[in-house]
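>
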Amino acid sequence: MKSSRRTFLITSLGAASALALSRQALADAPKVTESDPTAQALGYKEDATKVDKAKYAKYKAGEQCNNCSFYQGKATDAYGPCPMFGGKQVNAKGWCSAYNKKA
Ligand code: SF4
131 MKSSRRTFLI TSLGAASALA LSRQALADAP KVTESDPTAQ ALGYKEDATK VDKAKYAKYK
191 AGEQCNNCSF YQGKATDAYG PCPMFGGKQV NAKGWCSAYN KKA
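According to this note's numbering, the residues represented by the sequence shown are 131 to 233, in order.
1. Please report how far the alpha carbon of W225 lies from the alpha carbon of D158, in whole angstroms.
2. Nearer than 7 Å: is that true of the beta carbon of V220 relative to any heavy atom of ligand 1?
3. Do you know whose CA, among K180, L172, N196 and D166, lies nearest K231's CA?
4. Could you check how far apart the C-beta atoms of K183 and Y174 are, in whole angstroms? I think they sit under 8 Å.
5. Taking the C-alpha atoms as reference points, what is the distance between P211 and G217?
6. Express the C-alpha separation of Q194 and K180 in angstroms, rounding to a whole number.
7. What are the uninterrupted segments assigned as beta strand (DSSP E) that are 3 or more residues long and contained completely in the segment 188-223, given in chain order?
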């Protein structure tokens, strides 16, 4: 194997491992609790149907984390990281006032 090819493979494997590790790190991130100060500030609920509709009139039925543009989990994941909470995991069926419908 030529040195440049070996270097490329080693670099590619390194990048793939780093990516796998960071995905794993995100998957292991702690879950956001409703008592978290950021969660309270954003009106986060683990269950979107429990959102305080009087306080958050913008909430519409059907809106939940896994159809929000900020959600970083897969659509089928029960929890996924959210940048609004510094990468901590939010419930796929949750909601907060930073909700932004995925295009
Ligand atoms: Fe859920 Fe979106 Fe709020 Fe994050 S920003 S907690 S994904 S609704």
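Glycine is no exception: its CB is placed at the ideal position from the N, C-alpha and C atoms.
By the coordinates alone:
1. Taking the sequence shown and counting its residues from 1, the one referred to as residue 225 is at position 95. Taking the sequence shown and counting its residues from 1, the one referred to as residue 158 is at position 28. For W225 and D158, the distance between alpha carbons rounds to 20 Å.
2. Counted from its first residue, the sequence shown places residue 220 at position 90. Yes.
3. Position 101 of the sequence shown, counted from the first residue, corresponds to residue 231. The option with the nearest alpha carbon to K231 is N196.
4. Working through the sequence shown from its first residue, we reach residue 183 at position 53. Working through the sequence shown from its first residue, we reach residue 174 at position 44. The pair is not a contact, with the Cβ atoms about 15 Å apart (cut-off 8 Å).
5. Locating residue 211 in the sequence shown gives position 81, counting from the first residue. Locating residue 217 in the sequence shown gives position 87, counting from the first residue. Approximately 5 Å, taken between the alpha carbons.
6. Residue 180 sits at position 50 when you count from the first residue of the sequence shown. Residue 194 sits at position 64 when you count from the first residue of the sequence shown. Answer to the nearest angstrom: the Cα atoms are 11 Å apart.
7. 209-211 and 219-221
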